[in-house]
Structure formats: structure tokens, C-alpha cells
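Residue numbers (my numbering): 1 to 248.
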């Protein structure tokens, strides 16, 4: 497909929108923080399967009546599968069994699928190691792009990656979505996709600067992005199709 979209014409609008999203994300992360999942905060996870659909609110009432405070009750997969997450209570690893006994007393045919317990020390270590790993990855990316292209391209690549990562983290902070190891893995995948696209476009820009001597830099950038746009769309579409396949 031969696209002719004047991207550079709208660069100021795009830059302003990105700066606003970036600033809002930074502020939300700074003042609200992230809703850390069980992997990072520590606690107990109980997965149950019921014979028939039950109202989640009744489970919440039962847990509250038994002095459980910081917990989440959500459907997981089907309407009969329920996931109960309870924040760490002084490293008590028996909470999962207690919760299952409580639920089974009201719903005798409840089936226990799994119980997982993550202590606060392990959760803290996972959080620190995950954050350190991401910083190391960004640093290695900077070195690679600087070696492969030019320092200016390297700075642009890292800024683009930081932009994508911060805005995603900002969305998790704003909407209080759980941030766990699965999300961290997905975030690293986003970094990979973003970096791959950045390198491909940067390489095409470099080639066009050499071959297209008679046009200005803005036109070179527009030409390069349009030449690679179909590749970007196909890559994104195939990823989206896989996601949709596993979502329904």
C-alpha cells in the first residue's frame, strides 16, 4: 500500500497530546502509585469453581463478616470461576485454606482449583528485580541503537520507549488496574514491539537521507514512515488477532 500521510504536518499536535498524556501519567504514578498485584505486594490467591453462577457480592459480604478487609473477588474465565485475592496478613500462609473452608460452608459443592501464597519479602524482591531488569533493558537498548545507528537516533528510541512505558503505567495507575508479573511481561513485549518499529523506521530514514538528496528532512521522515506503515499495521494487526483469539 502506498500511503501519503503528512505526519510531520501534525507533529506539533501529536507532541502536545503526548506531553499531556505523559505529564498526567507521571503525576498519577507519583501521587497515586500503582495498584501492585499479588506477585509484588504479597498475599493469598484462591481460585474456585462453583457448580452454578453465584453473586460475587455475597462472597464479599461473607469475607467482610469474617474480618477480611483488603481483598478482591472477581470472575476468572467463566461465570462459575471465581478468583479471590487477599492482601498479606502478617505472613499468614493458611489464609487460603481458611477462605476455602468459609466458602465451602455456604457452597458445599465448591471446587478448589488452586491456592497461591506470596510472602511480603518475596513480593518486594520481585518488585525490585522487575524494576531493575526494565532499567537494564532500556540501558542496553540505548547502547545498541547508539552503536547500530547514531547517538541522536538512540536518544529518540529511548525517549519513544520511555513515552510508551510511562503512559501504559499511567493508565494502570489512573484506572487502578492490578500490576503484576504478567503485566510486567506484557510491558517488556510492548518495549520490544516499540523498539523494533523504531529501529526499522530509523533505518529507512537513514537510507532515504542518503538516496533522496533533493528533499528536505521533513519530507524524508514522512516518506520513511509511510513506506514502513503497512509493515507496522500488519505487525500490530496480527498481534491484535492473537489477543482477540485468547480473549474470547
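Ideal Cβ positions, reconstructed from N, Cα and C, are used throughout, including at glycine.
Could you check which residue in the options has the C-alpha nearest to that of residue i?
i	options	result
residue 179	40, 151, 8	40
residue 258	129, 85, 131, 134	Outside the shown range of the chain, which is 1 to 248, sits residue 258, and nothing can be said about it.
residue 202	99, 221, 170	221
residue 144	129, 117, 195	195
residue 162	207, 205, 18	18
residue 56	107, 10, 37, 29	107
residue 42	9, 60, 181	181
residue 8	217, 167, 111, 31	217
residue 116	109, 94, 134, 33	94
residue 44	54, 16, 6, 73	73
residue 29	167, 6, 10	167
residue 189	219, 213, 236, 210	236
Classify residue i as helix, strand or coil using the three-state DSSP reduction.
i	result
residue 36	strand
residue 117	strand
Would you check if the distance between the CB atom of residue i and the CB atom of residue j is smaller than 8 Å?
i	j	result
residue 176	residue 35	yes
residue 165	residue 187	yes
residue 232	residue 197	yes
residue 87	residue 71	yes
residue 230	residue 205	no
residue 118	residue 38	yes
residue 3	residue 208	no
residue 137	residue 191	yes
Query raised in the report: Quick one: complete alpha helix (DSSP H) runs, 4+ long, within the segment 43-100?
Result: If only complete runs of 4 or more residues are kept, the segment 43-100 shows the alpha helix (DSSP H) at 56-65, in order along the chain.
Query raised in the report: Which full runs of the alpha helix (DSSP H) of 4+ residues lie inside the segment 150-221, going along the chain?
Result: Segments of the alpha helix (DSSP H) lying fully in the segment 150-221: 151-174, 181-211.
Query raised in the report: Between the segment 80-87 and the segment 22-35, are three or more C-beta pairs nearer than 8 Å?
Result: No contact exists between the segment 80-87 and the segment 22-35.
Requested in this report: Determine, using beta-carbon pairs with one atom in the segment 47-58 and one in the segment 99-107, whether at least three such pairs fall under 8 Å.
Outcome: Flag = yes, the segment 47-58 and the segment 99-107 touch.
Query raised in the report: Is there contact between the segment 140-159 and the segment 167-176, where contact requires at least three CB pairs shorter than 8 Å?
Result: They do not touch, by the three-pair rule.
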